[in-house]
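Undergrad:
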Amino acid sequence: MNPPDEAKLVRTNSPTTTPSVRPMSRRAKWTGAVVAVLVLAGLGGLTWYLTRPAAAPGAATAAGGSGGPAGPGGPGGPGGGFGGGGRGASTVGVAIAERASIPITLDALGTVTPLATSRVRSQVSGVLNSVLFKEGQMVRAGELLATLDARQFELALAQATGQRQRDAAQLDSAKVTLQRFKTLLSQDSIALQDVDTQAALVKQLEGTVMVDTAAVGAAQLNLSYTRITAPISGRVGLRTVDVGNTISSSDANGVAIITQVMPMDVVFSVPQDRVGDVLKAAKNEMLVTALDRTRSSALGSGTFASLDNQIDTTTGTVKAKARFANADQALFANQFVNIQLLIKSIDNAVVVPVTAVRLGGSGDYVFVLNAAERTVSIRPVVRGPASGEKIVISSGLKAGEQVITEGADRLKEGSRVSLAGDAPRGGGRRQGASAPLGAPSAAVAVPSGAASPTEPQRAAPADKPVPAAPPVRAAPSTKAAAGPSPEQRQRMLDQVKDNPEALERRKKFLEKIDSGDPEALQRWQGMQQRMQQGGGQGGNQGGGQGFGLGGGGQGRERPPQ
């Protein structure tokens, strides 16, 4: 048996076993590299597919027929599954700069405030005998609303009247006695002191009669308070007390609330930056329009009344007031309204749609269309005030020039564009190329046993030339003239459902088609012809995403964006 030290030494000197690491084979390294390259290539292709610019509407490739190789809708063609196809003009929307008068308005939020609101209370305590008004009734000032039990007030009036008559009789007796004393004093039959005492008594009784007269007047006033009348003209609110209840002047709710409704005031706030404009315009009569919460209908028109004398430091605004006749009672007390204050009107100004003006690094600019060459140029402009969908161009643009309003996101200086209804640009027709816009669609009659147009044609012997089949004109499509189908409409709206502005423009475009607008119908027919020429049967097979019959290629004309 080994000693402990030797055993430890033996264990220490024993060889240790380490796990063997198998080196990676050369084949595995190459496989990993190939996989990485393929992943990168796939990511690059996906990036190109998502960021590539759309081809021009109606553009056709130089070779290949509809649905054929390198043709529209076929592999390598517009709308095909493998890409290819040339890049052409972009379809845009235009508007003409025109001269017009544009109003400059100030929009604000306001609250309808009545000129007067009165809570009707009883002036005396008593039992309510009758209520003579209906809830919501229009009343005039002084009209009787309710009555109280008047018996106690009638008795008080009678008591005061009797007291005055008694004191008046004593006064008359004292006056007669005074007159006698004066006669006796002239005969030196009575002392002067007695005369003075009687004269003082007469004055005392005169004061008593005067007090009694005031008491009678107070009793008459209390009796009149048993008839509750309207202090102002207006609409009566909901009744707060019923017949048979005892009411008094200390009641918090009173009998009713009357609100004056004609005329009405609207209190709104003016930004402190616009106070100067309002003060200048206030020298003349300014028109004010009250709109409802959705700004879809006008509730009334009035005039600017007054402006507060100080700015609210918490909001940076000044309170203003406008007065409305409210003859139709469209304005209601404490109603929320939108106020449109007409500051001034700019006459004979150059105006364009707001969508035409774009902001760049050097300021505002517009794309001006060269109608002859179908190109655009960048024109710096100075924008002025805007009103609704129109904006004033102070300088940089003349009336009559055409500006781009839609489809300008991919344009630059000198870019070629096409308008709705324009013929597609390109050279002469080749075998399989699409026909120019406006030419009738032609289909080649294929005899039985002959090769289909999508199959490679066999070379014909030199001594036996193959005669060309006469073209057969296709019947003009009535579907385009009738407007898009429900499926096409739904597809057009689904494509822009995340863009509210583009969705609204497409809805308006469809409404114009339904109303028979010639311009909209012509535009739709042009789109359908481009879709039929650029997509064809190959558009469905090649993965085109058009709206029309053939699916459409990437060179189709888009609806309003």
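The sequence shown begins at 0 in numbering that gives the first Met the number 0 and counts up one residue at a time. Note that beta-carbon positions come from the ideal geometry of N, C-alpha and C, so glycine has one too. Please read all numbers here as calculations on a predicted model, not as lab measurements.
1) When you compare the CB positions of alanine 145 and leucine 131, do they come within less than 8 Å of one another, or not?
2) How would you call glutamate 486, buried or exposed, if buried means at least 16 neighbouring beta carbons within 10 angstroms?
3) Starting from phenylalanine 335, trace the beta strand (DSSP E) in both directions and tell me its first and last residue.
4) Whose C-beta lies closer than 7 Å to the C-beta of proline 262 among residues of the same chain, with five residues either side of it excluded?
5) Would you report the Cα separation of threonine 207 and threonine 228, rounded to the nearest angstrom?
6) What residue does the beta strand (DSSP E) around alanine 304 start on, and which one ends it?
7) For glutamine 122, which three-state DSSP category applies?
8) Hey, quick one: how far does the alpha helix (DSSP H) through phenylalanine 132 stretch, first residue to last?
9) Whole angstroms is fine: what's the gap from threonine 182's alpha carbon to aspartate 193's?
10) Starting from glutamine 401, follow its DSSP beta bridges and name the residues at the other end.
11) If you draw a straight line from the alpha carbon of valine 254 to that of glycine 141, how long is it in whole angstroms?
12) Buried or exposed, going by whether 16 or more other CB atoms sit within 10 Å of the CB of glutamate 405?
13) Output needed for alanine 281: all residues of its chain with C-beta closer than 8 Å, excluding positions within five of it in sequence on either side, in chain order.
14) Using only alpha-carbon positions, find the residue among Ala419, Pro499, Glu500, Gly236 that is nearest to alanine 527.
15) Using a C-beta cutoff of 8 Å, does serine 100 count as contacting chain B?
16) Count Cβ pairs between the region 165-174 and the region 187-205 that sit closer than 8 Å; are there 3 or more?
17) Identify whether isoleucine 231 lies in helix, strand or coil by the three-state DSSP scheme.
18) Output yes or no for whether 8 Å exceeds the beta carbon distance between glutamine 271 and serine 232.
19) Counting pairs of Cβ atoms below 8 Å between the region 284-301 and the region 339-357, do you hit three or more?
20) From arginine 382 to glycine 31, what does the alpha carbon distance come to, in whole angstroms?
21) Can you list, in chain order, the residues of its chain with a C-beta nearer than 8 Å to that of asparagine 333? Leave out the 5 residues immediately preceding and following it.
22) Taking the beta strand (DSSP E) that lysine 320 belongs to, which residues open and close that run?
23) Indicate whether the contact test is met: 3 or more Cβ pairs, each with one atom in the region 237-257 and one in the region 153-171, closer than 8 Å.
24) Opposite glycine 109 in the DSSP bridges: which residues?
25) Mind checking threonine 104: buried by the 16 CB within 10 Å criterion, or exposed?
26) What are the complete alpha helix (DSSP H) segments, minimum 4 residues, inside the region 155-242?
27) Under the rule that 16 or more other beta-carbon atoms within 10 Å means buried, what is glutamate 500, buried or exposed?
28) Taking the straight line between their C-alpha atoms, what separation do you get for lysine 28 and tyrosine 48?
29) If you run the structure through DSSP and keep just helix, strand and coil, what is proline 102?
30) What would DSSP say about alanine 385, mapped onto helix, strand or coil?
31) Mapping DSSP to helix, strand and coil, what is methionine 137?
32) Using only CA atoms, which one of Thr374, Gln531, Pro230 lies nearest to alanine 407?
33) The alpha helix (DSSP H) with proline 262 in it runs from where to where?
34) To the nearest angstrom, how far is it from the Cα of serine 296 to the Cα of aspartate 106?
35) Taking just the CA atoms, how far does threonine 160 sit from alanine 214?
36) Run through DSSP, which three-state label would valine 356 get?
TA: From the atom records:
1) Contact: yes.
2) exposed
3) 335-352
4) Within the same chain, proline 262 has close Cβ partners Leu114, Arg322, Phe323, Ala324, Asn325.
5) 34 Å
6) First-last of the beta strand (DSSP E) with alanine 304: 297-306.
7) coil
8) First-last for phenylalanine 132: undefined, no H or E at that position.
9) 12 Å
10) Ile95
11) 15 Å
12) buried
13) The beta carbon of alanine 281 sits closer than 8 Å to those of Phe303, Leu306, all from its chain and outside the five residues before and after it, given in chain order.
14) Checking the displayed sequence, the identity of residue 527 turns out to be glutamine instead of alanine. Minimum Cα distance to glutamine 527 is reached at Ala419.
15) The structure shown contains no chain B; it holds only a single protein chain.
16) yes
17) coil
18) no
19) Touching, per the Cβ criterion.
20) Using only the alpha carbons, I get a separation of about 59 Å.
21) Excluding sequence positions up to five before and after asparagine 333, its CB lies within less than 8 Å of the CB of Thr110, Val111, Thr112, all in the same chain and listed in chain order.
22) 316-323
23) no
24) Phe267, Val336
25) Flag for threonine 104 reads buried.
26) 191-223
27) exposed
28) 30 Å
29) strand
30) strand
31) Three-state result, methionine 137: strand.
32) Thr374
33) Premise fails: proline 262 is in no alpha helix (DSSP H) and is neither H nor E.
34) 15 Å
35) Approximately 8 Å, taken between the alpha carbons.
36) coil
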